[in-house]
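Enquirer: Protein chains in written order, with our numbering: chain A, 1 to 363; chain B, 364 to 901.
Glycine is no exception: its CB is placed at the ideal position from the N, C-alpha and C atoms.
It should be emphasised that the depicted structure is a prediction, and the values quoted were computed from it without experimental measurement.
(1) Helix, strand or coil for residue 207(A), going by three-state DSSP, please let me know.
(2) Any idea if residue 160(A) is buried or exposed, counting beta-carbon neighbours within 10 angstroms, 16 or more meaning buried?
(3) Is the beta carbon of residue 843(B) sitting closer than 9 Å to the one on residue 739(B)?
(4) Closer than 9 Å, CB to CB, is residue 846(B) near chain A or not?
(5) Please list, in chain order, the chain B residues whose beta carbon lies closer than 7 Å to that of residue 57(A).
(6) Buried or exposed for residue 333(A), going by 16 or more other Cβ atoms inside 10 Å?
(7) Rounded to whole angstroms, what is the Cα-Cα separation between residue 327(A) and residue 277(A)?
(8) For the 8 Å Cβ check, are there 3 or more pairs between the segment 241-261 of chain A and the segment 600-614 of chain B?
(9) From residue 497(B) to residue 101(A), what does the alpha carbon distance come to, in whole angstroms?
(10) Name the chain B residues that come within less than 9 Å of residue 240(A), Cβ to Cβ?
(11) Buried or exposed, going by whether 16 or more other CB atoms sit within 10 Å of the CB of residue 552(B)?
(12) Against chain A, does residue 598(B) count as a neighbour if the rule is that its beta carbon must be under 9 Å from one of theirs?
(13) Going by DSSP in three states, residue 263(A) sits in which element: helix, strand or coil?
(14) Is residue 224(A) close to chain B, meaning its C-beta is less than 9 Å from at least one C-beta of that chain?
(15) Starting from residue 90(A), follow the beta strand (DSSP E) in both directions and report where the run begins and ends.
(16) So is residue 64(A) in contact with chain B if we call contact Cβ pairs under 9 Å?
(17) With a threshold of 8 Å, are at least 3 pairs of Cβ atoms found where one atom belongs to the segment 756-771 of chain B and the other to the segment 487-502 of chain B?
(18) Would you please state the rounded distance, in angstroms, between the beta carbons of residue 133(A) and residue 148(A)? I believe it to be under 8 Å.
(19) If we call anything under 9 Å between Cβ atoms a contact, is residue 401(B) one with residue 450(B)?
(20) Looking at chain B, is there any beta carbon in it that lies within less than 9 Å of the beta carbon of residue 303(A)?
(21) DSSP on residue 185(A), reduced to helix/strand/coil?
(22) So, helix, strand or coil for residue 291(A), using DSSP?
(23) Verify the CB distance criterion: does residue 438(B) have a CB-CB separation below 9 Å to chain A?
(24) Counting only runs that start and end within the segment 770-856 of chain B, where is the alpha helix (DSSP H) found for 4 or more residues in a row?
(25) From the DSSP output, which residues share a beta bridge with residue 158(A)?
(26) Just checking: is the beta-carbon of residue 100(A) within a distance shorter than 9 Å of some beta-carbon in chain B?
(27) Going by DSSP, what residues sit across from residue 56(A) in a beta bridge?
(28) Our contact map puts residue 646(B) next to residue 653(B) with C-beta atoms below 8 Å; I'd like the distance itself, whole angstroms only.
(29) Alpha carbon to alpha carbon, what distance is there between residue 736(B) and residue 825(B)?
(30) Kindly indicate the opening and closing residues of the alpha helix (DSSP H) around residue 451(B).
(31) Specify, as a first and last residue, the run of the alpha helix (DSSP H) that residue 589(B) falls within.
(32) How should residue 166(A) be labelled, buried or exposed, when 16 other C-beta atoms within 10 angstroms of its C-beta is the threshold for buried?
(33) List, in order along the chain, the chain B residues whose C-beta lies closer than 7 Å to that of residue 94(A)?
(34) Alpha helix (DSSP H) containing residue 752(B): first to last residue?
(35) So for residue 151(A), helix, strand or coil by DSSP?
(36) Identify the residues that DSSP records as bridge partners of residue 125(A): which are they?
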């Protein structure tokens with residue numbers, strides 16, 4: 001949903017960030033996904049033994065298949081037991097707020113960063129261990145170090161290949177407002193994935209123009225407003241509609257389910273650094289109220305470790321690994337992506353985007 | 364103990380306040396105990412509203428202004444009111460008409476129809492919404508929402524009305540007939556007054572359920588206050604709470620309106636011992652149109668969603684989701700929670716229904732009315748309020764099955780209340796008096812007189828709370844014990860990943876086990892009424 005990251009070298013971060021990245025890459029290259037206090041091996045050898053047999057609770061707003069694979073690998077490596085509670089990430093954030101420092105949750109794993117930012121604003125998150133943070137580029141984690149980025153995905157166009165040629169496609173997200181897409185555009189504006197695009201547009205063209213753009217795509221979409229991105233990508237693939245904007249992984253998951261022969265659609269990025277070409281980050285944090293700080297911190301550490309990131313690659317998540325130098329060879333190279341430079345803190349808790357969507361009558 | 368003379372006098376005098384009693388316990392204490400029990404239930408049910416006030420309290424004026432005073436609010440208000448009016452009228456007509464056909468006509472295959480027309484309640488709203496949307500992607504907005512919700516909710520009118528029709532006293536109709544009233548006049552002047560509390564009660568629950576509906580509207584792209592509350596929940600609890608309070612306010616308006624229209628008339632019959640099944644009318648020339656109408660309702664309300672499920676089942680795709688539970692264990696979890704919730708909800712509703720049936724004074728009325736309000740609050744908000752209270756005051760039950768059961772009982776309390784109350788107002792309060800006068804102890808009278816009289820309502824209440832619990836999703840996700848998967852949560856896990864093939868078996872089992880109580884109930888009533896006399900002439 002919201003995480004967008006300053007991928008390009010934007011002013012303030014440069015020096016420190018590149019140093020951190022370099023350090024992380026080197027470390028990862030050496031195969032060290034370290035744990036907090038002890039040297040945590042990235043190999044499946046058991047960690048320090050201290051959390052073995054401990055049971056911790058993870059509130060999960062990530063896709064269940066992603067979390068399930070990661071949790072199983074962590075349990076195997078450490079002997080800890082993880083209870084997973086899955087729900088919509090916004091509802092889980094609400095729930096943690098209402099639990100007010102008494103949450104049964106030890107850690108919180110989300111598909112997007114705003115729910116984490118929101119809990120952080122309320123002072124409910126503990127600081128993430130430095131060794132964990134150093135495994136991922138620093139711009140992908142909270143600037144106050146209270147949550148860590150785990151994986152990333154890219155917003156792009158999905159289009160039906162029977163109806164459209166690549167050359168028909170707009171090169172900018174602004175092009176979707178063109179009346180020629182009337183009845184052909186598919187949108188899922190209530191998905192949190194959509195909000196970063198709104199925030200990004202507002203930052204570059206202003207609130208009023210963004211609302212106008214939103215109203216234009218609302219008119220183009222007409223009745224093709226879907227409740228979720230999975231439906232959107234399936235509709236485009238079936239030819240119910242011709243194009244839409246999604247995060248890349250929804251298309252790969254559909255391909256997993258349909259098989260290559262069942263795909264009648266393709267992905268296409270916008271022009272480099274376009275307002276719609278964004279990197280979204282999935283993140284995790286440890287609850288300040290957790291009575292299992294060590295185990296929870298080790299879980300976070302595992303998520304960004306070489307072993308954890310490789311689980312992401314091996315599974316059905318199709319997100320880009322961003323930690324410990326792990327890459328996914330079946331996706332277009334991460335380094336080839338040219339998303340807009342956009343600071344995660346600009347997305348914040350997503351309130352701004354929701355307000356604009358409300359003004360346009362879309363959320 | 365009353366003397367014979369008093370009893371004769373009692374029987375002769377029209378029901379005055381002192382007679383309006385089903386509650387068998389001695390007067391001073393009886394009142395107190397009943398008020399205390401019902402009052403305690405009502406206070407518990409107001410918990411979510413208290414939570415909302417606490418939350419909204421923190422909202423600043425600027426924020427409140429942003430949320431409430433914008434063009435969207437007008438749109439939401441218009442949407443909500445138009446939908447409420449349309450659906451309420453449609454459900455009242457369809458619910459009453461189907462109940463009449465099933466209970467009071469010589470309909471062929473009556474038992475089958477009795478089950479089929481209730482089935483829509485057992486189909487989760489998100490399945491119904493999805494089925495329509497996938498069949499007719501352009502079917503969105505007000506009309507789609509009105510049609511889908513009517514088909515989903517009319518059983519809420521059907522059930523209490525059918526229960527009431529079973530208990531109407533045939534002697535009244537015979538007298539009316541003997542006095543020369545025509546069929547329509549008899550319906551309007553004799554039968555309608557008897558089923559009126561049931562129709563109004565059912566409609567009331569329909570309106571309140573509409574206010575709180577989310578799943579179907581999200582899919583059908585229809586914006587109401589509730590869909591907006593979900594949006595606000597993403598960013599600001601206080602604003603979401605303020606919007607929810609607006610829903611509660613609308614609920615209060617509806618309740619006051621219903622209070623005026625329900626009037627004061629009461630109807631009662633001779634009592635269970637004198638029970639005679641109401642007569643059934645031959646359909647004659649009306650047989651064709653009646654069957655056609657029922658078939659249309661069933662095809663739209665049951666055929667469309669079930670057909671979609673069958674399509675999913677037979678076109679199952681590969682899914683990337685892990686199998687975190689089995690169908691069996693999810694079924695057991697769902698069944699366990701729902702049975703206990705149905706029992707708890709029905710037991711809690713009974714004292715309130717009896718108090719309401721007595722209709723003594725403002726306090727009783729306020730107690731009863733206030734318990735309906737919870738129905739106008741979206742499930743997720745109720746769940747969050749339970750999180751709030753449980754974490755602070757009863758932490759040991761947080762995220763245990765106990766809280767899950769309590770949550771369902773609270774969520775669906777109004778459904779139970781409507782059913783029990785509809786039966787209770789039909790029973791003559793004098794029977795309880797007689798029981799007492801014959802020397803039975805209050806508890807004996809309660810079990811031997813009162814309970815049998817209200818048993819159809821209790822059966823319907825149990826059935827309805829059970830069905831609704833089985834199909835509940837948003838509150839379940841928040842409150843279910845960590846690691847436990849119910850049919851609904853598992854369906855959700857698959858469905859949100861559009862793994863419809865994998866989701867379909869869970870939806871199918873939801874429908875199947877939610878259908879059990881309606882089948883059992885339908886069969887039970889059919890058996891009792893198997894030998895209904897049929898009156899010549901339709």
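Expert: So, to answer that:
(1) In this structure, residue 207(A) counts as helix in the three-state DSSP scheme.
(2) With 16 or more Cβ atoms within 10 Å of its Cβ, residue 160(A) is classed as buried.
(3) Not closer than 9 Å, so no.
(4) Closer than 9 Å to some Cβ of chain A, the Cβ of residue 846(B) qualifies, so yes.
(5) Simply 845.
(6) Label assigned to residue 333(A): exposed.
(7) Take the alpha-carbon of residue 327(A) and the one of residue 277(A): they are about 20 Å apart.
(8) Verdict: no, contact absent.
(9) Roughly 43 Å separates the two Cα atoms.
(10) Simply 500.
(11) Counting Cβ neighbours within 10 Å, residue 552(B) comes out exposed, since fewer than 16 surround it.
(12) Chain A contact via Cβ: present.
(13) Coil at residue 263(A), not helix or strand.
(14) At a cut-off of 9 Å between beta carbons, residue 224(A) contacts chain B.
(15) Segment 89-99 is the alpha helix (DSSP H) holding residue 90(A); no beta strand (DSSP E) there.
(16) Under the Cβ distance rule, residue 64(A) counts among the residues neighbouring chain B, one pair being separated by less than 9 Å.
(17) They do not touch, by the three-pair rule.
(18) About 6 Å separates the Cβ atoms of residue 133(A) and residue 148(A), confirming a contact at the 8 Å cut-off.
(19) Not a contact, by the Cβ cut-off of 9 Å.
(20) Residue-level contact check: residue 303(A) does not touch chain B, since none of the beta carbons of chain B fall below 9 Å from its beta carbon.
(21) When DSSP states are grouped into helix, strand and coil, residue 185(A) belongs to the strand group.
(22) In this structure, residue 291(A) counts as coil in the three-state DSSP scheme.
(23) It does; some Cβ of chain A falls within 9 Å.
(24) List check, alpha helix (DSSP H) in window: 776-787, 793-800, 805-808, 814-834, 837-842.
(25) BP columns for residue 158(A) point to 244(A), 267(A).
(26) Yes, residue 100(A) counts as interfacial toward chain B.
(27) DSSP output for residue 56(A) lists 82(A) as bridge partner(s).
(28) Indeed, because the Cβ distance is near 6 Å, the residues count as touching under 8 Å.
(29) Each residue's alpha carbon lies about 20 Å from the other.
(30) Following the DSSP letters along the chain, one finds residue 451(B) inside the alpha helix (DSSP H) bounded by residues 434-467.
(31) For residue 589(B), the uninterrupted alpha helix (DSSP H) segment begins and ends at 588-598.
(32) With fewer than 16 Cβ atoms within 10 Å of its Cβ, residue 166(A) is classed as exposed.
(33) Within chain B, the residues near residue 94(A) are 596, 600, 747.
(34) Here the alpha helix (DSSP H) through residue 752(B) covers 742-756.
(35) Residue 151(A) falls in the strand class under three-state DSSP.
(36) Answer is 287(A).
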